[in-house]
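Each residue of the sequence shown is one higher than the one before, starting from 1 at the first, in full-length UniProt numbering. Glycine included, C-beta positions come from ideal geometry on N, C-alpha and C.
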Amino acid sequence: MQNRLSDLARGASSWQGSGEASAAGGGDRKGKKNRAPSPVLVSEGREAAGTETTSAWTGEKKTKIQSAPTSSGDLGGTEKIEGLDWDKDYLEKEINCCLERLHEVLPYDPDDGEFCPFDEQQLKALNERLALCRIRAYEHCQGAEDASLTDKYPTSELEHNGYYKYYERYFEWYFDPQYWYADFQDYQRLVLRENNGEYEDWEKYHKTCSKLEGDQQFVQLWDELSSKTKLIELYLSRSSKDPKIEKLVFYHALKIAEGLPHVSKTLVCSTFYDFIWGVRFKHKWYKYYAGFFFEMWQLTTKRKMNFIEALRHIHKEDKYSCCSFAWQLQIDKKEPDLSIFEQECKSYLDRIGATAEDNEAYQLIMDFIEEIVMKPKTYYDYAKKKLHIAKEIELIPY
1 MQNRLSDLAR GASSWQGSGE ASAAGGGDRK GKKNRAPSPV LVSEGREAAG TETTSAWTGE
61 KKTKIQSAPT SSGDLGGTEK IEGLDWDKDY LEKEINCCLE RLHEVLPYDP DDGEFCPFDE
121 QQLKALNERL ALCRIRAYEH CQGAEDASLT DKYPTSELEH NGYYKYYERY FEWYFDPQYW
181 YADFQDYQRL VLRENNGEYE DWEKYHKTCS KLEGDQQFVQ LWDELSSKTK LIELYLSRSS
241 KDPKIEKLVF YHALKIAEGL PHVSKTLVCS TFYDFIWGVR FKHKWYKYYA GFFFEMWQLT
301 TKRKMNFIEA LRHIHKEDKY SCCSFAWQLQ IDKKEPDLSI FEQECKSYLD RIGATAEDNE
361 AYQLIMDFIE EIVMKPKTYY DYAKKKLHIA KEIELIPY
């Protein structure tokens, strides 16, 4: 289904500046980061207009389509959000104070020549450790103890097979020999492949060389900020009218970072607008596509329409014009040829079933949309995937 449903074109992006220069500068920097995506149907390779659309449903139950379920958070309690009642100058003062309190955790730069090389014994031990990781990944033998693997693969076997480095051609990752320094963690040697432009700035992401603790706390930072539902909803509802709201979100990011000593201040500041862009992206496009499938589910299950009737109903309302060019070109024909599209859509919608509650159905659809709608990946996604792989190959403990 992913091959035919819409994904999103990658917008322009840049790795942001560092430190205080990035702080509290939303108004000037937003214009430099043009990342508004346009929907693309993969099977057609054509772009749709990236215009604003709405996906609200109104009306009586059983006679019209129900509204898509909304999040449980409301804005009635916004007075509880720290900093909301501060004026602009005081907010900027607090942001600067937070920045001064944050410690800079500088990433390693392998070009500075200050790292200790391995001696012969250390290099041999490193090669053996990494070889076992490759074997675990290739043979899917997670959980196997080092002792059992070394019995099966003694040192002579590992050496004879070049420590199984050739296994890496099958993986989404590899151990970069550029980082063969005694000062490095094995985690820092792990690099994800570019994978056909999967990441917005892979060149810089894979050279960041954050330690394990740094990436763990970096992911924790943005996960924790994302969980502040009222703050995020406030941003989405008011940031276009009140620029201070974006700075307020930045302030809360810095407050969280204060409790995470391994997070680089530079990395926090430089990736803040990645976070903001991601919030906007999900709010616009995930809800947009989830709205389309939610309506299709309701029309075919609650209203008992057949698939073509449901599509024509949606097409007539003109609410989801970006979802697919293919069916829109066919829908006005007397006998539209939509069998493949119908089969793909129904293969998923039928799994939800007609008895599911609206909230349950919408959440299942949203989970599905997050898998198939391709959002350009940032350093957050890079670090999160790297941590997952490191656990899978037992480079780090669960």
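Would you identify the three-state DSSP class for residue i, choosing helix, strand or coil?
i      : result
TRP173 : strand
LYS377 : strand
ASP7   : Residue placement at ASP7 cannot be trusted, given a pLDDT of 31 that sits under 50; the coordinates are not used to answer.
TYR273 : helix
TYR320 : coil
GLU60  : Confidence is the limiting factor: at GLU60 the pLDDT is only 33, short of 50, which leaves the residue's position unreliable, though a coordinate-based value still follows. Looking at GLU60 - three-state DSSP - the assignment turns out to be coil, as it is neither helix nor strand.
LYS385 : helix
ARG35  : Low per-residue confidence applies at ARG35: pLDDT is 41, beneath 50, and the placement is therefore not dependable enough to give any value.
Can you name the start and end residues of the beta strand (DSSP E) that residue i belongs to?
i      : result
VAL219 : It is not in any beta strand (DSSP E) - VAL219 instead sits in the alpha helix (DSSP H) that spans 212 to 226.
Taking the straight line between their C-alpha atoms, what separation do you get for residue i and residue j?
i      : j      : result
PRO376 : SER227 : 21 Å
MET366 : ASP89  : 39 Å
ILE256 : LYS333 : 56 Å
TYR138 : LEU130 : 12 Å
CYS345 : HIS315 : 16 Å
PHE184 : GLU233 : 41 Å
TYR320 : CYS98  : 43 Å
TRP180 : ASP215 : 20 Å
ARG134 : LYS165 : 7 Å
LEU84  : ILE245 : 8 Å
TYR163 : ASP151 : 15 Å
LEU254 : LYS93  : 13 Å
LEU91  : SER239 : 15 Å
ASN195 : ASP87  : 45 Å
PHE292 : THR355 : 19 Å
ARG280 : ILE396 : 33 Å
PHE115 : VAL191 : 19 Å
LEU132 : GLU157 : 12 Å
PHE175 : LYS284 : 37 Å
ASN96  : CYS269 : 12 Å
GLU100 : SER210 : 21 Å
TYR153 : LYS124 : 15 Å
ALA21  : PRO117 : Residue confidence is low: ALA21 scores 36 on pLDDT, short of 50, so the model does not pin down where it sits. Its coordinate-derived value is still stated next. Cα-Cα distance, rounded: 35 Å.
GLU159 : TYR187 : 22 Å
Span of the alpha helix (DSSP H) holding residue i?
i      : result
VAL249 : 244 to 258
VAL191 : Counting along the chain, VAL191 falls outside any alpha helix (DSSP H), though it belongs to the beta strand (DSSP E) covering 190 to 192.
GLN185 : Where GLN185 is concerned, there is no enclosing alpha helix (DSSP H), given that its DSSP letter is neither H nor E.
LEU158 : 155 to 160
LYS334 : Note, LYS334: premise wrong, no alpha helix (DSSP H); not H, not E.
THR301 : 287 to 301
TRP86  : No alpha helix (DSSP H) holds TRP86; DSSP gives it neither H nor E.
TYR362 : 358 to 372
LYS282 : Looking at the DSSP string, LYS282 is not in any alpha helix (DSSP H), and its letter there is neither H nor E.
ASN127 : 120 to 139
By the 10 Å Cβ neighbour count, where 16 or more other Cβ atoms means buried, how is residue i classified, buried or exposed?
i           : result
LYS247      : buried
ILE340      : exposed
HIS388      : exposed
ASP119      : exposed
THR208      : buried
TYR167      : buried
PHE368      : buried
LYS386      : buried
residue 402 : Not covered by the structure: residue 402. The range shown for the chain is 1 to 398.
ASN127      : buried
THR378      : buried
GLN343      : exposed
GLN178      : exposed
ARG189      : buried
SER237      : exposed
HIS140      : exposed
HIS206      : buried
GLY26       : In this prediction, GLY26 scores a pLDDT of 42, lower than 50, which makes its location untrustworthy; the coordinate-derived value is nonetheless stated afterwards. Label assigned to GLY26: buried.
LYS391      : exposed
SER148      : exposed
LYS287      : buried
Leaving aside the five residues before and after residue i along the sequence, list all residues of the same chain whose C-beta is less than 6 Å from its C-beta, in chain order.
i      : result
MET296 : ALA310
VAL249 : TYR235
GLU213 : HIS262
Skipping 5 residues on each side, what residues in its chain have a beta carbon closer than 8 Å to that of residue i?
i      : result
TYR380 : PHE218, VAL219, TRP222, THR271, ASP274, PHE275 and GLY278
HIS103 : PRO261 and LYS265
LEU299 : ILE65, MET305, GLU309, ALA310, HIS313 and ILE314
GLN122 : ALA182
Could you pull out every residue in the same chain whose Cβ sits closer than 7 Å to the Cβ of residue i, ignoring the five residues on either side in sequence?
i      : result
PRO336 : ILE308 and GLN330
ASP350 : none
HIS252 : LEU225, LYS228 and LEU231
LEU364 : ILE352
ILE81  : LYS230, LEU231 and LEU234
TRP173 : LEU190, VAL191, LEU192, ARG193 and ILE389
THR301 : ALA354
Would the beta-carbon of residue i be found less than 7 Å away from any heavy atom of the ligand HEM?
i      : result
ASP274 : Ligands displayed in this structure: none; no statement on the ligand HEM is therefore possible.
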